[in-house]
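Heads up: the protein sequence lines correspond to chains A and B, in order. The opening position of the first sequence corresponds to residue 118 in the working numbering, with each subsequent residue numbered one higher. The opening position of the second sequence corresponds to residue 118 in the working numbering, with each subsequent residue numbered one higher. Reviewing the structure listed below.
Number of protein chains: 2
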Amino acid sequence: MGLAKRVLQGDVRATARLLREVEEELPGAIDELKVLYPHTGKAHVVGITGAPGSGKSTLIDVLIDAYRKENKTVGVIAIDPSSPFSGGAILGDRIRMQRHATDEGVFIRSLATRGWHGGLSKAAANVIHIMDAMGRDVILVETVGVGQAEVDIMNFAHTSLVALVPGTGDWVQTLKAGILEIADIFVINKADKQGVNEVEVELQAMLQMGAPSAAAWKPRILLTEAINNKGIDDLMEVIRQHRESLIASGRYEAYLRERSRLELVEVLKSSLMDRVSRMATEDDYVEKLIDDLASRRVDPYSAASDVLKRIVQEGKF
Amino acid sequence: MGLAKRVLQGDVRATARLLREVEEELPGAIDELKVLYPHTGKAHVVGITGAPGSGKSTLIDVLIDAYRKENKTVGVIAIDPSSPFSGGAILGDRIRMQRHATDEGVFIRSLATRGWHGGLSKAAANVIHIMDAMGRDVILVETVGVGQAEVDIMNFAHTSLVALVPGTGDWVQTLKAGILEIADIFVINKADKQGVNEVEVELQAMLQMGAPSAAAWKPRILLTEAINNKGIDDLMEVIRQHRESLIASGRYEAYLRERSRLELVEVLKSSLMDRVSRMATEDDYVEKLIDDLASRRVDPYSAASDVLKRIVQEGKF
Numbered sequence: 118m119g120l121a122k123r124v125l126q127g128d129v130r131a132t133a134r135l136l137r138e139v140e141e142e143l144p145g146a147i148d149e150l151k152v153l154y155p156h157t158g159k160a161h162v163v164g165i166t167g168a169p170g171s172g173k174s175t176l177i178d179v180l181i182d183a184y185r186k187e188n189k190t191v192g193v194i195a196i197d198p199s200s201p202f203s204g205g206a207i208l209g210d211r212i213r214m215q216r217h218a219t220d221e222g223v224f225i226r227s228l229a230t231r232g233w234h235g236g237l238s239k240a241a242a243n244v245i246h247i248m249d250a251m252g253r254d255v256i257l258v259e260t261v262g263v264g265q266a267e268v269d270i271m272n273f274a275h276t277s278l279v280a281l282v283p284g285t286g287d288w289v290q291t292l293k294a295g296i297l298e299i300a301d302i303f304v305i306n307k308a309d310k311q312g313v314n315e316v317e318v319e320l321q322a323m324l325q326m327g328a329p330s331a332a333a334w335k336p337r338i339l340l341t342e343a344i345n346n347k348g349i350d351d352l353m354e355v356i357r358q359h360r361e362s363l364i365a366s367g368r369y370e371a372y373l374r375e376r377s378r379l380e381l382v383e384v385l386k387s388s389l390m391d392r393v394s395r396m397a398t399e400d401d402y403v404e405k406l407i408d409d410l411a412s413r414r415v416d417p418y419s420a421a422s423d424v425l426k427r428i429v430q431e432g433k434f
Numbered sequence: 118m119g120l121a122k123r124v125l126q127g128d129v130r131a132t133a134r135l136l137r138e139v140e141e142e143l144p145g146a147i148d149e150l151k152v153l154y155p156h157t158g159k160a161h162v163v164g165i166t167g168a169p170g171s172g173k174s175t176l177i178d179v180l181i182d183a184y185r186k187e188n189k190t191v192g193v194i195a196i197d198p199s200s201p202f203s204g205g206a207i208l209g210d211r212i213r214m215q216r217h218a219t220d221e222g223v224f225i226r227s228l229a230t231r232g233w234h235g236g237l238s239k240a241a242a243n244v245i246h247i248m249d250a251m252g253r254d255v256i257l258v259e260t261v262g263v264g265q266a267e268v269d270i271m272n273f274a275h276t277s278l279v280a281l282v283p284g285t286g287d288w289v290q291t292l293k294a295g296i297l298e299i300a301d302i303f304v305i306n307k308a309d310k311q312g313v314n315e316v317e318v319e320l321q322a323m324l325q326m327g328a329p330s331a332a333a334w335k336p337r338i339l340l341t342e343a344i345n346n347k348g349i350d351d352l353m354e355v356i357r358q359h360r361e362s363l364i365a366s367g368r369y370e371a372y373l374r375e376r377s378r379l380e381l382v383e384v385l386k387s388s389l390m391d392r393v394s395r396m397a398t399e400d401d402y403v404e405k406l407i408d409d410l411a412s413r414r415v416d417p418y419s420a421a422s423d424v425l426k427r428i429v430q431e432g433k434f
């Protein structure tokens, strides 16, 4: 039986293998993805971002518990943007999460930048599709939320959580970086720390300035102490409310379409980039152009234009 | 007289205007860049990265002073990767640098992700070229060093500095993220703080493990207190030594070629991406494909393949 068929039956080992084959860009892996695609779109995707130290991993850990108590199966995608090379930088945070490793209802996968040559956004979309197709009810996507790639990934989530901690000053930077626009729920974690009220008051003020009052969903602010399991029931309830609001208002359909557009662009970009990167390392013609560039006999724009014409002429994609 | 010609004469206002026109992608700006390109390749480009709080900005501030005392003109490019939306997130750090604003020999420019649709790496390359063409002797490029884009930018520098501070634990993360491979000089800044020795010893151990012993340049470790102007003379001397080593060993030429390859790829990618992004928002054919994607009647890979065929058929780039 093909890998895709076993993934559709929820087979954990087949899913892990398909993820590896997609990551390694093995021939045939894309064909398996194509088989899975019509069966996707069922899982609820929850994005969780926040600065390092905001307790995202603990939060995800207790959310996994809460969903498992509701008999829902969970997929977790932990994305590590700080790691262009090694993939190991923030895995230490995730040791706690590993206690779910023996539970077949919890499927955890880390995504480092390395190894996903096609770009992190496309990779995240693929992993979401695969976990969705294997029948996971909920998919939690953790990012650190610093770069454009991570913001793009948050766009693939149905519900976006931002974790903040009082007293670090980090939350102001997070907000300034445009997180306001994409957050559905703010979770002030470690709410036993000093400074919770200040964060809440300032956050509320910023939300009142920024958000259109006619929006179907107004971003909510919740306090949690994930490590002591406090506030998690309320958080689960608000996530549920957000999902219901999305569906009731018709925005779920609109978001689905927007995500399809984003994914099409990501797949196109990465296919083109692959072609361009291969040309720039394999093609004698390009080697000659690079010599001319290095010695300033041609400029990068004229050189790029030459290469594009060549791609079109040769029909090489 | 054309903008490019005035830039070549070192005209600060013309340079600021060309940078704006390039940023806004005004017609003609690329033509001005093409005029400048043959005159580039003279400046020494020094990349400086480090986690937030490592004192990069203060370090750059005192380096500016040191270069000005040698009667060298300086360009500074401060890159703000944390800011996909607003561009304002870490500008506060740079207030100190602004005291150079009245010195015509110092040209400072911030680069936020926003506004440079073609990608941050291409933007950085363009700003480096323009400052180079205006005759700046030294160009300091500051990044925060978290994502692939920032690592790509560091590849455009001739000499790469990594700023670390004792006692925060951040430096370990920085190193794990692959900075070891690209750093020529490690600057342990705020060397009056506790924990300097530990950082130095661990760093030295990591370098001995990682670096090939036959390399023409072995990464150096320096201690500074930028805010008290301590250690800066030594740092200037080591930067000079690194440049001389590059030239003497022939690696300068090799690096120039590698940077040309990178830039060609960046320009190609961004041209292609522009085209793809425009198609995905303007083209009825693509709108129909997105409907099919959202309803799972087609998968993203088959859809992308259709779009690519269409681009080639229409010769639209």
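A virtual CB, placed ideally from N, CA and C, is assigned to each residue, including glycine.
Checklist entry - Below 8 Å between beta carbons: does that hold for L257 (chain B) and I165 (chain B)? => result To locate residue 257 (chain B), count along the second sequence from 1; it is residue 140. To locate residue 165 (chain B), count along the second sequence from 1; it is residue 48. Yes.
Checklist entry - Is the segment 300 to 320 of chain B close to the segment 411 to 421 of chain B, with three or more CB pairs under 8 Å? => result no
Checklist entry - Can the beta-carbon of V393 (chain A) be found closer than 8 Å to that of V382 (chain B)? => result The residue labelled residue 393 (chain A) in the question sits at position 276 within the first sequence. The residue labelled residue 382 (chain B) in the question sits at position 265 within the second sequence. In this structure, V382 (chain B) lies closer than 8 Å to V393 (chain A) by Cβ.
Checklist entry - Sorry if obvious, but does the Cβ on H161 (chain A) come closer than 7 Å to a heavy atom of the ligand GTP? => result In terms of ligand content, the structure shown is empty, and the ligand GTP therefore cannot be addressed.
Item to check | C-beta neighbour in chain B for I194 (chain A), strict 8 Å | outcome: Taking the first sequence and counting its residues from 1, one reaches residue 194 (chain A) at position 77. Judged by the 8 Å Cβ criterion, I194 (chain A) is not in contact with chain B.
Checklist entry - What are the start and end residues of the beta strand (DSSP E) that includes E79 (chain B)? => result In the structure displayed, chain B extends from 118 to 434; residue 79 (chain B) sits before or after that span and is not available.
Checklist entry - Is the CB of Y418 (chain B) under 8 Å away from at least one CB in chain A? => result Taking the second sequence and counting its residues from 1, one reaches residue 418 (chain B) at position 301. Interface residue, yes.
Checklist entry - From the beta carbon of G158 (chain A), is the nearest beta carbon of chain B less than 8 Å away? => result Your numbering for residue 158 (chain A) matches position 41 in the first sequence. For G158 (chain A), the answer is yes, since a Cβ of chain B falls inside 8 Å of its Cβ.
Checklist entry - Using the beta-carbon count (16 or more within 10 Å), is K239 (chain A) buried or exposed? => result Against the first sequence, residue 239 (chain A) aligns to sequence position 122. Flag for K239 (chain A) reads buried.
Next on the checklist: If you reduce the DSSP assignment to three classes, tell me which class R395 (chain A) lands in.
Outcome noted: Residue numbering aside, residue 395 (chain A) sits at position 278 when the first sequence is read from its first letter. R395 (chain A): helix per DSSP, three-state reduction.
Checklist entry - From V124 (chain B) to D220 (chain B), what distance separates their C-alpha atoms? => result Translated into the one-based positions of the second sequence, residue 124 (chain B) becomes position 7. Translated into the one-based positions of the second sequence, residue 220 (chain B) becomes position 103. For V124 (chain B) and D220 (chain B), the distance between alpha carbons rounds to 17 Å.
Item to check | Where the alpha helix (DSSP H) through H246 (chain B) begins and ends | outcome: Here residue 246 (chain B) is taken as the residue at index 129 of the second sequence, counted from 1. Note, H246 (chain B): alpha helix (DSSP H), L237 to A250.
Next on the checklist: What would DSSP say about E259 (chain A), mapped onto helix, strand or coil?
Outcome noted: The residue given as residue 259 (chain A) occupies position 142 in the first sequence. If DSSP states are grouped into helix, strand and coil, E259 (chain A) belongs with the strands.
Next on the checklist: Counting only Cβ pairs nearer than 9 Å, list the residues of chain B close to A274 (chain A).
Outcome noted: Counting from 1 along the first sequence, the entry for residue 274 (chain A) is found at position 157. Simply none; closest approach about 16 Å.
Checklist entry - Buried or exposed: which applies to N188 (chain A), given that a residue is buried once 16 or more other Cβ atoms fall within 10 Å of its Cβ? => result For the purposes of this step, residue 188 (chain A) is identified with residue 71 of the first sequence, where counting begins at 1. N188 (chain A) comes out exposed.
Item to check | Pairwise C-alpha distance: R137 (chain B) and L120 (chain B) | outcome: Residue 120 (chain B) sits at position 3 when you count from the first residue of the second sequence. Residue 137 (chain B) sits at position 20 when you count from the first residue of the second sequence. In a straight line, the C-alpha of L120 (chain B) is about 12 Å away from that of R137 (chain B).
Checklist entry - Taking 8 Å as the CB-CB cut-off, is V304 (chain B) touching chain A? => result Position 187 of the second sequence, counted from the first residue, corresponds to residue 304 (chain B). Not one chain A Cβ lies under 8 Å of V304 (chain B).
Next on the checklist: Is A421 (chain A) close to chain B? Criterion is C-beta to C-beta, closer than 8 Å.
Outcome noted: Counting from one through the first sequence, the residue named residue 421 (chain A) turns up at place 304. Closer than 8 Å: yes.
Checklist entry - How is E138 (chain B) classed by DSSP in three states: helix, strand or coil? => result Position 21 of the second sequence, counting from 1, holds the residue named residue 138 (chain B). Helix.
Item to check | Rounded Cβ spacing between V129 (chain A) and F224 (chain A) (contact assumed at less than 8 Å) | outcome: For the purposes of this step, residue 129 (chain A) is taken as residue 12 along the first sequence, with counting starting at 1. For the purposes of this step, residue 224 (chain A) is taken as residue 107 along the first sequence, with counting starting at 1. That belief holds up - the Cβ atoms of V129 (chain A) and F224 (chain A) are roughly 6 Å apart, short of 8 Å.
Checklist entry - So is D416 (chain A) buried or exposed if we call it buried at 16+ other beta carbons inside 10 Å? => result Walking along the first sequence from the start, residue 416 (chain A) turns up at place 299. Looking at its Cβ environment, which holds 16 or more other Cβ atoms inside 10 Å, D416 (chain A) is buried.
Checklist entry - Straight-line CA distance for I349 (chain B) to K307 (chain B)? => result Position 232 of the second sequence, counted from the first residue, corresponds to residue 349 (chain B). Position 190 of the second sequence, counted from the first residue, corresponds to residue 307 (chain B). The straight-line gap from Cα to Cα measures roughly 12 Å.
Checklist entry - Any Cβ of chain A within less than 8 Å of the Cβ of K405 (chain B)? => result Within the second sequence, the letter at position 288 stands for residue 405 (chain B). By this cut-off, K405 (chain B) is not an interface position.
Checklist entry - Residues in the segment 342 to 375 of chain A with C-beta within 8 Å of chain B's C-beta atoms, listed in sequence order? => result E370, L373 and R374
Next on the checklist: Give me, in chain order, the residues of the same chain whose beta-carbon lies closer than 7 Å to that of V316 (chain A); leave out the 5 immediate sequence neighbours on both sides.
Outcome noted: One-based indexing of the first sequence puts residue 316 (chain A) at position 199. L281, P283, W288 and I305, listed in sequence order.
Checklist entry - To the nearest angstrom, how far is it from the Cα of R226 (chain A) to the Cα of A241 (chain A)? => result Along the first sequence, read from residue 1 onward, the residue named residue 226 (chain A) stands at position 109. Along the first sequence, read from residue 1 onward, the residue named residue 241 (chain A) stands at position 124. Answer to the nearest angstrom: the Cα atoms are 10 Å apart.
Item to check | CA nearest to the CA of R376 (chain B), picked from B:S387, B:H275, B:A322 and B:P169 | outcome: For the purposes of this step, residue 376 (chain B) is identified with residue 259 of the second sequence, where counting begins at 1. Comparing Cα positions, the closest option is B:H275.
Checklist entry - Whose Cβ in chain A lies nearer than 7 Å to the Cβ of S64 (chain B)? => result The displayed coordinates of chain B run from 118 to 434. Any statement about residue 64 (chain B) would go beyond what the structure contains.
Item to check | C-beta neighbour in chain B for F202 (chain A), strict 8 Å | outcome: On the first sequence, position 85 is the one that residue 202 (chain A) refers to. In this predicted model, F202 (chain A) has a pLDDT of only 35, less than 50, meaning its place in the structure is not dependable; the value taken from the coordinates is given anyway. Taking Cβ atoms only, chain B reaches closer than 8 Å to F202 (chain A), which makes this a yes.
Checklist entry - Quick one: is S388 (chain B) near chain A, going by C-beta distance under 8 Å? => result Counting from one through the second sequence, the residue named residue 388 (chain B) turns up at place 271. By this cut-off, S388 (chain B) is an interface position.
Checklist entry - Nearest to P169 (chain A) by alpha carbon, out of A:N314, A:D408, A:T260 and A:G158? => result Against the first sequence, residue 169 (chain A) aligns to sequence position 52. Comparing Cα positions, the closest option is A:T260.
Item to check | alpha helix (DSSP H) runs contained entirely in the segment 292 to 351 of chain B, provided each spans 4 or more residues | outcome: 313 to 327
Checklist entry - On the premise that G172 (chain A) lies in contact with A343 (chain A), defined as a C-beta separation below 8 Å, what is that separation, rounded to the nearest angstrom? => result Taking the first residue of the first sequence as 1, we reach residue 343 (chain A) at position 226. Taking the first residue of the first sequence as 1, we reach residue 172 (chain A) at position 55. That pair is a contact at about 5 Å.
Checklist entry - When the Cα atoms are used, what is the spatial distance from M251 (chain A) to D182 (chain A)? => result Your numbering for residue 251 (chain A) matches position 134 in the first sequence. Your numbering for residue 182 (chain A) matches position 65 in the first sequence. Each residue's Cα considered, the two are about 20 Å apart.
Next on the checklist: Residues of chain B with CB closer than 7 Å to the CB of K151 (chain A), please, in chain order.
Outcome noted: Walking along the first sequence from the start, residue 151 (chain A) turns up at place 34. The contacting residues are D416, Y418 and S419.
Item to check | Straight-line gap, L185 (chain A) to G222 (chain A) (C-alpha atoms, nearest Å) | outcome: Locating residue 185 (chain A) in the first sequence gives position 68, counting from the first residue. Locating residue 222 (chain A) in the first sequence gives position 105, counting from the first residue. In the sequence as presented, Leu is not what sits at residue 185 (chain A); that position holds Arg. Straight-line Cα distance between these residues: approximately 7 Å.
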